[in-house]
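Enquirer: Chains as they are written, first to last, in our numbering: chain A, 1 to 373; chain B, 1001 to 1269; chain C, 2001 to 2518. Input: one structure, supplied below.
So this is what it looks like as structure tokens:
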């Protein structure tokens, strides 16, 4: 006989299996409870209390759509990068923040330039369309450049490293960019100078239930521009050569390289595109919300990532849908469920957890039930 | 009456529109060395993945020691005595060789984390046994002197053998080897063949292997199954497979098959 | 020669960009102030004397020179020349910047709206208080000088005589270490261990008494961050699961202590120990509940969900909604401390002992777990989860276990922290704190205990000492994280694998024979 006489079969862990199994059973019950809670609160708020009229709901919906459009733009950046590199570009929110600063300074400079003979007006108001266009170009260019260098310096050397390593590098880059902005531009809040045709607060007024609801110009502008950019991106990814290489690299880097796709270049271009979109989102943020400061990208960044996961990470329409859903839930949700408005961020994260519990692949993501071998 | 350790019935696995494994039957007798061969992309590794629980087949069932493997996760299957190695070596490359083998013993050790904190008698006994047995397996595959070396730093052939030692950690009754001699020189291949044979002879471990080296396959297999495009095209003893028309066609194409026939006819003279 | 020149210009340009960035955030002044302080000036001005700024320029030049001279196997003069070129190029970039700054100064353009540090005084200081043309020239020269120095330094370092000297030194140290090991490892090993342990124990007992309140406070915080770091290390370093909102568990521990052991809002006054135990348990339960739905998902999801969880906890604590229950933004005051043997713990010195105890406990549990079946399962999961599972590791169970034990550590640290400070509030538990903990274990070396201790000192202790760096701390920290990942992803003190002795005699070698299947 040998000295060892260990049993062949393990019984350890069987108990835990049961726990996990119990959780699987609990899941529908949990889901029912969550749904019942939501239904109950909705009933309370909409039917019993009737605190808000249709005008309020419209207002909330509008602001939700606007913020949702911005989230979608940022979320696209996360999803593009994740789809190709399988990493969370944690510094993406900071890329957006720097775009917002670029827009802010551009508007400031345009406002300082005087044009016209007798009637002295600033360049900003003399040629508002051109000024806005230029501001967006500058913002998108700066953010795209930051995205490009970010990838080149902080991510590219780590492409073969274990997954945690580039993520930590991204966290480091995020902290660095945030504090660099703070040190360069001071921690104070800065107000964006809007051109007169896009004054903040101004808008079309419609009447609902004898109450005036303002549809802000900046909001409409933001939403329309987001949709246009999203459509442009979709066309790039679906129809162009670049989009084809991106999809090829996302599927299989090695094979794509063998087929003559320049993988490094494609990844760089992906970062440039996602940076440009984030930059546009940053300039919009400044136009619509008015305030820019060094922390402005962080929370939207995390929210946008949530949106990307919500829609199914790696999935473009998913990120768009996720952004809009998150924006609407965030602005309508607290009122609809009768929760304090301060807790809107909590609501966003709770939704993330619920979605991951019940539908881990997100709203539009494919179900990856099996492990890759 | 033969005892079959694995009975797979009409196993089918598809990816999207592609059927990787199509209604494959597999009966492996206990204590045998069984080879699965076939051209690249024939579905061999997919079949392995189905047996070891990585994939759940859409249709069919796999019985291991008479019980279905359906719905069992890979760790449960491993604890029931089914181990495997991988085509592209997958060691825990930052752990030592011995630690790799000790991870393989996980499902058999009885200490839990509380034992570890208080160093209970169970813990001491289990750890000691684990080390002793791990060392013996390392010795068996010829890696005793590398027991404290980081696995990722070992030479290629040693890594292949270490993977086998890790797979032996849970004292399997069935061992799946995915291309154990891939990339080895003739000497290393001989050594590996001897090792596989010894595993069966000394420990009565049933072995199923995927292999491209026909010398190895014909040398050590008791039975062979040939897959092509996800379907089983032949099964039998090595001699039967060697002369099977379908197999030769699958490997060489129909023209090649004719050539091979000519060649074979000439050979006896 | 052409390529050689280009090779020198590249690092020069990089350092030039770094320098421009430094100037724009005012970092050059800070370095100059530091130089002034080192040379004995008690209270340096905000714009220190030109000589210290010149020292800064030379330092940057040396950096450029070293960067250019590295990886070169040429003779002395060539390497020094490469350094000179790099330094000179960086100097030219610096000079261009100063030229621009001088224009701003002369034309009196207001750029402070955008770049806040660029005041007139600052620009004058950067130009060494000289005429612009002179200042630019001096800058270029100083950079070039520094570059030459740096190149020469590298060349000297690589020169054969110096390397030989260095090797002798290393051999000597190695020999002495081996001799010392002969003393510590032979028959006297036990004696030696007893001696070192008792020495350490003496230090632990008596040092806090002499440190004074401030140091006990600072080091106490470091100690709690060691506990926290070890907890996170179980999740991240051992089992490879990235937890981003780890401070949430710390907050749960702190608030359990606060709510159960403070006069307001509930006046429960359970006493320290029950509150501590409950805090640890609640943190562990939170880890379990959070982990349960996530264990089958990919690691990134865990990262983002724990981040979200951390934010949920912070926002909830901060909001007005829960003010009545958790003190809201103002937090909870007057949290009680423990009483041991009738002696109430009040001062930072008292708590230092408690913290040392917690630290030892955490280290003990950590090291015991690390070298066990559990620890090996965690490491295997970290290395390759799929294969670990197929090797029979119940990955779901072990991942959850890591999260739960890690959360318990955090709860312990949080409870003690709240009790020591007699206060806890939502801002103590911000995302930045989570990232701090994560960074300290990474900088020290994932998974290693000495690494965690070093990281805690570096990240929680040093900032307390280097107060000047306050504003630049996080910046340096972000840059350090990236740089660490690029150059030393294993940290400064990487964890080592245990070595086992071979228990079987090679002569009587035989493979395990019997096979007991069911």
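Idealized CB from N, CA, C, for every residue including glycine. Every value quoted in this text rests on a predicted model; they were computed, and no experiment measured them.
Taking 8 Å as the threshold (beta carbon to beta carbon), is residue 2052 of chain C in contact with chain A?
Expert: Taking Cβ atoms only, chain A never reaches closer than 8 Å to residue 2052 of chain C, which makes this a no.
Enquirer: Going along the region 1060-1072 of chain B in order, which residues come within less than 8 Å of chain C, judged by CB to CB distance?
Expert: So nothing in the stretch comes that close.
Enquirer: Note down the Cα distance separating residue 1228 of chain B from residue 1214 of chain B, rounded to an integer number of angstroms.
Expert: Each residue's alpha carbon lies about 16 Å from the other.
Enquirer: Shorter than 7 Å, the distance from the beta carbon of residue 2312 of chain C to the closest heavy atom of the ligand ZN, or not?
Expert: Absence of the ligand ZN from the depicted structure is noted, as is the absence of any ligand whatsoever, leaving it without description.
Enquirer: Look at the alpha carbon of residue 2077 of chain C and the alpha carbon of residue 2477 of chain C, and state the distance between them as a whole number of angstroms.
Expert: If you take the alpha carbons of residue 2077 of chain C and residue 2477 of chain C, they lie about 37 Å apart.
Enquirer: Relative to the C-alpha of residue 2099 of chain C, which candidate in C:2211, C:2139, C:2270 has its C-alpha closest?
Expert: Looking at the Cα atoms, C:2139 is the closest of the given residues.
Enquirer: Would residue 301 of chain A and residue 140 of chain A qualify as a contact pair, given that the criterion is a beta-carbon distance under 8 Å?
Expert: Result no, Cβ atoms of residue 301 of chain A and residue 140 of chain A do not sit closer than 8 Å.
Enquirer: Within 10 Å of its beta-carbon, does residue 216 of chain A have 16 or more other beta-carbons around it, so buried, or fewer, so exposed?
Expert: So residue 216 of chain A ends up on the buried side.
Enquirer: Given this structure, state the Cα-to-Cα distance separating residue 2032 of chain C from residue 2059 of chain C, to the nearest angstrom.
Expert: Going by the C-alpha atoms only, they are around 10 Å apart.
Enquirer: Which partner residues does residue 1068 of chain B have in the DSSP bridge list?
Expert: B:1063.
Enquirer: Which chain C residues are close to residue 1119 of chain B, counting only those with a beta carbon under 8 Å from its beta carbon?
Expert: Ordered by position in chain C, the residues that pass the 8 Å Cβ test against residue 1119 of chain B are 2368.
Enquirer: Mind listing, in chain order, the continuous alpha helix (DSSP H) runs of no fewer than 4 residues lying wholly within the region 1110-1187 of chain B?
Expert: 1113-1118, 1121-1140, 1156-1168, all fully within the region 1110-1187 of chain B.
Enquirer: Among C:2360, C:2500, C:2030, C:2354, which has the Cα closest to the Cα of residue 2200 of chain C?
Expert: Residue C:2360 is the option with its Cα nearest to residue 2200 of chain C.
Enquirer: What is the DSSP secondary structure of residue 2420 of chain C, counted as helix, strand or coil?
Expert: Helix.
Enquirer: For residue 2136 of chain C, which residues from the same chain have a beta carbon less than 6 Å from its beta carbon, with the 5 sequence-adjacent residues on both sides left out?
Expert: Counting only Cβ-Cβ distances below 6 Å, and skipping sequence neighbours, we find 2095, 2098, 2099.
Enquirer: Taking the alpha-carbon positions, what's the residue 44 of chain A to residue 343 of chain A distance?
Expert: Each residue's alpha carbon lies about 19 Å from the other.
Enquirer: With 16 other CB atoms within 10 Å as the buried threshold, where does residue 153 of chain A fall?
Expert: The residue is exposed, with fewer than 16 neighbouring Cβ atoms inside 10 Å.
Enquirer: Under 8 Å, do residue 2235 of chain C and residue 2358 of chain C count as touching if we go by C-beta distance?
Expert: No. Outside cutoff.
Enquirer: Within the continuous beta strand (DSSP E) that includes residue 48 of chain A, where are the two ends?
Expert: It is not in any beta strand (DSSP E) - residue 48 of chain A carries neither H nor E in the DSSP assignment.
Enquirer: Identify each residue in the region 1207-1228 of chain B for which the Cβ-Cβ distance to at least one residue of chain C is less than 8 Å, and report them in chain order.
Expert: The region 1207-1228 of chain B vs chain C, Cβ under 8 Å: nothing.
Enquirer: Since residue 2244 of chain C and residue 2303 of chain C should fall inside the 8 Å C-beta cutoff, what is the C-beta to C-beta distance between them, to a whole number of angstroms?
Expert: Correct: roughly 5 Å between the Cβ atoms.
Enquirer: Quick one, which residues of the region 130-161 of chain A are near chain C if we go by CB-CB under 8 Å, in chain order?
Expert: If the cut-off is 8 Å between Cβ atoms, the region 130-161 of chain A has 153, 154, 157, 158, 161 near chain C.
Enquirer: Contact criterion: CB-CB distance below 8 Å. Does residue 2401 of chain C meet it with respect to chain B?
Expert: Cβ-Cβ to chain B under 8 Å: yes for residue 2401 of chain C.
Enquirer: Grouping DSSP H, G and I as helix and E and B as strand, with all else coil, what is residue 1015 of chain B?
Expert: Of the three classes helix, strand and coil, the one that applies to residue 1015 of chain B here is strand, per DSSP.
Enquirer: Give the secondary structure of residue 211 of chain A by DSSP, where H, G and I count as helix, E and B as strand, and everything else as coil.
Expert: Of the three classes helix, strand and coil, the one that applies to residue 211 of chain A here is strand, per DSSP.
Enquirer: Quick one: Cα of residue 130 of chain A to Cα of residue 71 of chain A, how far?
Expert: Cα to Cα, the separation comes out at about 25 Å.
Enquirer: Taking the alpha-carbon positions, what's the residue 2333 of chain C to residue 2490 of chain C distance?
Expert: Each residue's Cα considered, the two are about 41 Å apart.
Enquirer: Since I believe residue 1193 of chain B is in contact with residue 970 of chain B (beta carbons under 8 Å), could you give me their beta-carbon distance rounded to a whole number of angstroms?
Expert: Any property of residue 970 of chain B remains undetermined from this structure, which presents chain B solely from 1001 to 1269.
Enquirer: Any beta carbon of chain E sitting closer than 8 Å to that of residue 2154 of chain C?
Expert: Judged by its chain identifiers, the structure shown contains no chain E, and its protein chains are A, B and C.
Enquirer: Would you grab the beta carbon distance between residue 1196 of chain B and residue 1172 of chain B for me? Rounded to a whole angstrom, and I think it's under 8 Å.
Expert: Not really, about 13 Å apart at Cβ, beyond 8 Å.
Enquirer: Mind checking residue 1049 of chain B: buried by the 16 CB within 10 Å criterion, or exposed?
Expert: By the neighbour-count rule (16 or more Cβ atoms within 10 Å), residue 1049 of chain B is buried.
Enquirer: Would you please verify whether the beta carbon of residue 1074 of chain B is less than 8 Å from any beta carbon of chain C?
Expert: For residue 1074 of chain B, the answer is yes, since a Cβ of chain C falls inside 8 Å of its Cβ.
Enquirer: Who are the Cβ neighbours of residue 1061 of chain B in its own chain at under 7 Å, not counting the five residues just before and after it?
Expert: Once the five neighbours on either side are set aside, the close Cβ partners of residue 1061 of chain B are 1009, 1068, 1070.
Enquirer: Count the other C-beta atoms from every protein chain shown that fall within 10 angstroms of the C-beta of residue 2214 of chain C, then say buried if there are 16 or more, exposed otherwise.
Expert: Result: exposed.
Enquirer: Using a Cβ-Cβ cutoff of less than 7 Å, which residues in the same chain neighbour residue 2080 of chain C once the five nearest sequence positions on both sides are dropped?
Expert: Excluding positions up to five away in sequence, the list reads 2148, 2151, 2152, 2155.
Enquirer: Cβ of residue 2391 of chain C less than 8 Å from any chain B Cβ?
Expert: With 8 Å as the cut-off, residue 2391 of chain C counts as an interface residue toward chain B.
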